[in-house]
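> Dropping the structure in here first, questions after.
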Amino acid sequence: MIIVKHSEKKDAPKLRKTTEKVLRLIDKFEYILTYEGTLDDYYKIEDEKADYLKGGIIVIQSPASLEHERIFRDILTQLHNYVTENNSGEVLGSRFTIAFGRDFRFEPDIVFISKGNKGILAEYEFSGTPDLIIEIISKTSRSYDLRIKRDIYKQYKVKEIYFVDYLEREVFIDVLEGCKYSSLTVKFGGSVRSKLLRGMDIVIK
C-alpha cells in the first residue's frame, strides 16, 4: 500500500475556511473539553476519544450513552460479518485514529477500509481516506458531526458517509458519485443498501 498524497497548496483555502468555521462555532458545542494544542499533544492523549483539527484545536467528546453503544455494536457486527465473508478489507471501531493528511485526526465510530485502498494501515492509525465512515450522533456531538466532520469527510472524498441520529431516529447519508455527493435521509426501522458494498443492507433499528 502507498499513502495518499495530500496537496496542501490545492486544499489550503478550503482548510483555512474550515478552521475559521471551527473557531466560530467551537464555543457552541457541548464537549467535556476543547483546548489548543499541537499534534504532538494529541498523540499523548491515551484514555479519551479525541480529535485534532488544523489550527491546533483538540476536541475531547463526552462518554457514549447506552443507546449509542447498542447501535454501534449492531452496525459494527453487521459490517464485520459482511467484510469477513467477502474478504473485502478491514472494519475498525471508534478508538482507532484516522489521519487525513497532516491537518486532521479523527476517531470515527466505524470505518471500512477496502483491500484496494491506497492508504497505509499501521498499528495505531490509518493514513489516508477510508472508503466508508459511520458516525453515531449524540446530543453533545450533533453540531460538530454534521457541521464540521461532515464537511471534512467530503473534502477528503470518503465514498460513503453515514450519520446515525438516534435521538431523531433518522440516518443522514452522503454518497460520492463521480465528483459530487448525493445525499438522502432515511428513518429508523428499515435498512440502507450500500452502493459501495454490493449486496450489503445495513439494518438500523
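All the letters of the sequence shown, read from the start, carry residue numbers 65 to 269 under our numbering. The C-beta atom is built at its ideal place from N, Cα and C for all residues, glycine as well. Computed from a predicted structure; not experimentally measured.
Does DSSP put residue 207 in a helix, a strand or coil?
Of the three classes helix, strand and coil, the one that applies to residue 207 here is helix, per DSSP.
> Compare the Cα-Cα distances from residue 169 to each of 152, 179, 216 and report the closest residue.
Among 152, 179, 216, the Cα nearest to that of residue 169 belongs to 216.
> Tell me the DSSP secondary structure of residue 224 in three-state form.
Of the three classes helix, strand and coil, the one that applies to residue 224 here is strand, per DSSP.
> Applying the criterion that 16 or more other CB atoms from any shown protein chain within 10 Å of the CB defines a buried residue, is residue 96 buried or exposed?
Low per-residue confidence applies at residue 96: pLDDT is 48, beneath 50, and the placement is therefore not dependable, though the value from the model is reported in the following sentence. Exposed, since its Cβ has fewer than 16 Cβ neighbours within 10 Å.
> I'd like to know whether the C-beta atoms of residue 177 and residue 198 end up nearer to each other than 7 Å.
No, they are not a contact pair.
> In this structure, how does DSSP classify residue 213 when only helix, strand and coil are distinguished?
Note: residue 213 maps to helix in three-state DSSP.
> Measuring alpha carbon to alpha carbon, tell me which residue in 209, 210, 204, 240 is nearest residue 196.
Measuring from the Cα of residue 196, the nearest candidate turns out to be 240.
> Skipping 5 residues on each side, what residues in its chain have a beta carbon closer than 6 Å to that of residue 91?
Here residue 91 scores only 49 on pLDDT, less than 50, and its place in the model is too uncertain to base an answer on.
> Rounded to the nearest angstrom, what separates residue 116 and residue 267 at their Cα positions?
Taking the straight line joining both Cα atoms gives about 31 Å.
> What is the DSSP secondary structure of residue 262, counted as helix, strand or coil?
DSSP places residue 262 in coil when its eight states are reduced to three.
> Helix, strand or coil for residue 218? Go by DSSP, reduced to three states.
Correct three-state label for residue 218: helix.
> Identify which residue in 260, 262, 253 has its Cα closest to the Cα of residue 269.
Comparing Cα-Cα distances from residue 269 to each of 260, 262, 253, the minimum goes to 253.
> Using the three-state DSSP reduction, which class does residue 249 fall into: helix, strand or coil?
Reduced to three states, the DSSP call for residue 249 is strand.
> List, from N- to C-terminal side, the beta strand (DSSP E) runs of 3 residues or more that fit wholly inside the stretch 100-185.
If we require 3 residues or more, the beta strand (DSSP E) runs fully inside the stretch 100-185 come out as 114-117, 121-124, 153-156, 161-164, 168-170, 174-178.
> In the structure shown, what three-state DSSP assignment does residue 271 receive?
With the chain running from 65 to 269 in the structure shown, residue 271 is simply not present.
> Could you check what DSSP says for residue 269 in three-state terms: helix, strand or coil?
The answer is coil: DSSP assigns residue 269 none of H, G, I, E or B.
> Just mark residue 114 as buried or exposed, buried being the case when its beta carbon has 16 or more other beta carbons within 10 Å.
That one is buried.
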